Amino acid sequence: MNDEWLERYSRQILLAEIDFSGQEAIAAASVAVVGCGGLGSMIGLYLAGAGVGAITLIDDDVVEVSNLHRQLAFRESDLDDSKSEALARQLRALNHNVVIRAENYRFGSDSVHDAAILQGVDIVLDATDNLDARHHIEATTRKLDLPWIMGAATRLHGQLAAFSSSRKEGCYRCIAPVTTAQRTADCRNEGVLGPVIGVIAAWQAQDALLSLAGKVSPAWGVLRIYDAREQRIDKLAVGPVDGCTHL
Ligand SMILES: [Zn+2]
Numbered sequence: 098m099n100d101e102w103l104e105r106y107s108r109q110i111l112l113a114e115i116d117f118s119g120q121e122a123i124a125a126a127s128v129a130v131v132g133c134g135g136l137g138s139m140i141g142l143y144l145a146g147a148g149v150g151a152i153t154l155i156d157d158d159v160v161e162v163s164n165l166h167r168q169l170a171f172r173e174s175d176l177d178d179s180k181s182e183a184l185a186r187q188l189r190a191l192n193h194n195v196v197i198r199a200e201n202y203r204f205g206s207d208s209v210h211d212a213a214i215l216q217g218v219d220i221v222l223d224a225t226d227n228l229d230a231r232h233h234i235e236a237t238t239r240k241l242d243l244p245w246i247m248g249a250a251t252r253l254h255g256q257l258a259a260f261s262s263s264r265k266e267g268c269y270r271c272i273a274p275v276t277t278a279q280r281t282a283d284c285r286n287e288g289v290l291g292p293v294i295g296v297i298a299a300w301q302a303q304d305a306l307l308s309l310a311g312k313v314s315p316a317w318g319v320l321r322i323y324d325a326r327e328q329r330i331d332k333l334a335v336g337p338v339d340g341c342t343h344l
C-alpha cells in the first residue's frame with residue numbers, strides 16, 4: 098500500500114463504513130459479473146473504479162448499436178466486438194491495478210463450467226436479462242456457498258435483492274419459483290430508460306462493496322423495487338417461503 102494507492106482510494110477510505118481495512122478487503126476480493134450489458138457494464142465501472150482486486154466478466158453477446166444508449170462503458174468503436182472483452186478493455190483502462198478476466202461464455206449453458214468460472218470468487222453480481230440465467234446463478238452460487246446480488250430493470254422499473262451464502266433469509270427460488278412459466282420481460286421487447294438501469298447497477302455495486310468491506314451488511318433477503326415514474330422504493334422480505342429447497 099503506497100501513497101498513490103492511498104490517494105486513489107482516499108475518498109472511500111475516509112468513510113467509516115469502508116475505512117482502511119475495508120479498502121484492503123476490497124482490494125483482496127474477487128467478483129464475478131454475469132452479463133455485460135446495461136447492468137454489467139455499469140457495475141463493472143464502479144467495481145473497477147473502487148479497486149476490487151479481480152473481476153471476471155461473463156457474456157457471449159456482442160455490442161450492438163441499440164445497446165449504446167444505456168451501456169455506457171461501450172464506445173461506437175466497440176460495435177460488433179465481444180461485450181466481455183470490450184468491457185474488460187474499458188475496465189483495464191480505468192484501473193490497471195484490477196485483474197480483469199473476460200469469459201466469452203453464456204452462463205448456464207454448462208453447469209460444470211458455470212461452477213469452474215465462479216470457483217474462488219467472493220460474490221457474484223447478476224447482470225443478466227432473464228429468469229433462467231438467474232436460476233443458474235442461484236444453483237451454482239448455492240453449490241459453492243457464495244452470496245449473490247440479483248438485479249433487473251425494464252421500462253421505468255427496477256429491482257434488486259442480495260442473497261447471503263447461507264440463504265437463511267430466503268433465496269431466488271422463493272421469489273421466482275422454477276416452475277413459473279411467466280414470460281420473461283426484458284428490455285428487448287419492453288424498452289428501458291438508461292438511467293433506471295444505472296440506478297439498479299449502482300445499487301448492486303454499492304451492496305457488493307459494502308459487503309466486501311465487511312462493516313455494513315447489505316439488506317440480505319430484501320427485494321427492493323424501484324419505480325422511477327412514481328419516484329418510489331418499496332421493500333419486501335423475500336422469505337424463506339414454505340418449501341424452500343435451499344434450507
Ligand atoms: Zn428459497
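Position one of the sequence shown corresponds to residue 98 (our numbering), numbered consecutively onward. Backbone N, C-alpha and C fix where the C-beta goes; we use that ideal spot for every residue, glycine too. For clarity, every value in this text was computed on a predicted model and none was experimentally measured.
Using a Cβ-Cβ cutoff of less than 6 Å, which residues in the same chain neighbour residue i once the five nearest sequence positions on both sides are dropped?
{"i": "G295", "result": "M139"}
{"i": "I322", "result": "Q256 and D331"}
Go to residue i, then tell me how far its alpha helix (DSSP H) extends in each direction, as first and last residue.
{"i": "R270", "result": "Y269 to I272"}
{"i": "G137", "result": "G135 to A147"}
{"i": "G295", "result": "G291 to A310"}
{"i": "K240", "result": "L228 to K240"}
Can you say whether residue i is buried or exposed, counting buried as having 16 or more other CB atoms within 10 angstroms of its CB?
{"i": "S206", "result": "exposed"}
{"i": "P315", "result": "buried"}
{"i": "Q216", "result": "exposed"}
Does the beta-carbon distance from residue i to residue j come in below 7 Å?
{"i": "A183", "j": "V160", "result": "yes"}
{"i": "W300", "j": "E266", "result": "no"}
{"i": "I246", "j": "V335", "result": "no"}
{"i": "G141", "j": "I123", "result": "no"}
{"i": "V131", "j": "I152", "result": "no"}
{"i": "V78", "j": "A250", "result": "Shown here, the chain extends from 98 to 344; a query on residue 78 therefore has no answer."}
How many Å lie between residue i and residue j at the Cα?
{"i": "L188", "j": "S163", "result": "21 Å"}
{"i": "D158", "j": "H254", "result": "24 Å"}
{"i": "A298", "j": "N99", "result": "30 Å"}
{"i": "P292", "j": "L144", "result": "18 Å"}
{"i": "S181", "j": "E200", "result": "6 Å"}
{"i": "G248", "j": "G137", "result": "10 Å"}
{"i": "S308", "j": "R167", "result": "26 Å"}
{"i": "R285", "j": "D223", "result": "18 Å"}
{"i": "L176", "j": "G134", "result": "13 Å"}
I'd like the span of the beta strand (DSSP E) that includes residue i, first residue to last.
{"i": "E200", "result": "V196 to E200"}
{"i": "A129", "result": "S127 to V131"}
{"i": "T251", "result": "W245 to T251"}
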